[in-house]
Amino acid sequence: MASHAQGEIVSGNPIYFPLPFQKTRQGMTEINRKYLYITIFFLFVFLVLRTIGLYPICFSDEYQYSILSRIQPLSEAHLPNYLYLKIFNWTNIFGDGFLMGARIFNIIFFCSSAFFFYKISLNYTTSHQAIWVTILSLMAPINTYTAVFMPESLYYFLFIVCMWSLLRIEPHASSSAWLLPGAVLGLNALVKPHAQLLIPAVLLYMVFLFGTLSCDCKTRLQSLFKAVILFVVGIYAIKLGLGYLLAGTAGLNLAGRAYSSIHYDFLASLPNFLHSLRGHIRGILILFGFPLLAGLYNLFFRQSDSNGLSYQRKVCLLTCLIACLMIVQVAFFTANIAGTGPYEHASRLHFRYYNFIFPFFILMSTTVIDFSSLKRKLIFYSFLIIYGLFLIYCFFCQNTSVYSEFY
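Written out as structure tokens, the structure reads:
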């Protein structure tokens, strides 16, 4: 059977094939590579020029991270961001320009994420679209975190690397392949302990992935069990081992002193939880309704490969799982800290705890919808009408605007 390039139209229908990064018909050509490098360079220069002379933006947080990384010993840090604190201790070489040094570090990490995100995009869509999606991911509002002395940029870089390492693994691969994404996630947990909140989503993704194996149930369960064990071992071998090397016995605390002291009461915070959850769901649907629709199309109407899920379905599945579980966890966190400070309220939407997944919604929007059957066309337009009615309800049929009720 003759092969077709990704997105090629055959007999009026779009055909998609999962393509590896190396040596493909639409791999990273020399001209595409040059476009990408040039764009990243100019964006790097722009971000550096934009931050020159800026005063601290989130003063209390930046002051805290500055003290913890540059002055205070790691063993005494109340936040368990030991890898971040160790790396940004090197900002002392800039002298009294340490703040600009931290911003340069942030920009380097942020721009470096583009190479891994491009590799993911290249396997999802065409090479030209992959470049544009990568550029849009760099130009998204998340780049504002490069201007603050906070761990978000390094966290974002390691998250993209972790996603790349997860998506490249096929279910029939060696179980040891799961050590790499586990190790990267362990490193990210030393940048921000919130990375551990990604573990349930990844485990669910692994269950779905191994469920596509064409073998008996016992073999699938054995393969899944070995992969899960090695993945978790990779996470905590790095987090606890490197944490101990950096901060001594303090590095063996999974959440750190600051987060371990927070008391969670689910029943008492249930009304606030439901209110916050409604706000997050509404916000995500308003921002990324169409990409989510494309993702659902991929999950339910694309056929699996003989060896497992297609690359597109893996991206959509992992993205949706992370987004759904993070929304629930962040809503629960918001509900529990409501009223603890002047700015902590149940209507505050902490998008910054999961906005690192937003570029993948942009990637999902490049999906080509196949209208080869009347059933698919009717389902798609039905969802489109429902989404349109939802937007009308949000903006025109409520006593208060979506912007005034949540912030």
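Counting along the sequence shown from 1, when you hit position 253 you're at 253 in our numbering, and nothing is skipped either side.
All C-beta atoms in this analysis are idealised placements derived from N, C-alpha and C, irrespective of residue type, glycine included.
Through-space distance from Gly97 to Thr367, alpha-carbon basis: Per the coordinates, the alpha-carbon of Thr367 lies some 45 Å from the alpha-carbon of Gly97.
Per-residue DSSP class, three states only, for Asn143: It is helical.
Cβ shell of Ser269 (< 8 Å), same chain only, five flanking positions each side left out: Phe332, Ala335, Asn336, Ala338
Ala130 beta carbon less than 8 Å from that of Leu122: yes
Where Gly211 sits in the DSSP three-state scheme: coil
DSSP-derived helix/strand/coil call for Arg50: helix
Collapsed DSSP secondary structure at Val228 in the structure displayed: helix
DSSP state of Ser69 mapped onto helix, strand, coil: If DSSP states are grouped into helix, strand and coil, Ser69 belongs with the helices.
Length of the line joining the Cα atoms of Phe396 and Gly388: 12 Å
Rounded C-alpha distance that separates Leu293 from Ile107: 32 Å
Cβ separation of Gly186 and Gly234, assumed to be a contact under 8 Å, to the nearest whole Å: 6 Å
Selected residue, minimal CA-CA separation from Ser60, among Ser75, Ile362, Leu74, Val148: Val148
Beta-carbon proximity check, Gly422 vs Tyr82, cutoff 8 Å: The structure shown does not extend to residue 422, since the chain is modelled only from 1 to 407, so the question has no answer here.
Which listed residue (Ile160, Thr249, Asp265, Tyr118) has its alpha carbon closest to that of Tyr37: Comparing Cα-Cα distances from Tyr37 to each of Ile160, Thr249, Asp265, Tyr118, the minimum goes to Tyr118.
Among Trp132, Pro271, Leu180, Phe88, nearest to Asn32 - alpha-carbon criterion: Trp132
As assigned by DSSP and simplified to three states, the class of Thr24: The pLDDT assigned to Thr24 is 46, lower than 50, so where the model puts this residue is not dependable; a value taken from the coordinates is nonetheless given after this. Coil at Thr24, not helix or strand.
Same chain only: Cβ atoms within 8 Å of Phe390, ignoring 5 sequence neighbours per side: Leu285, Gly289
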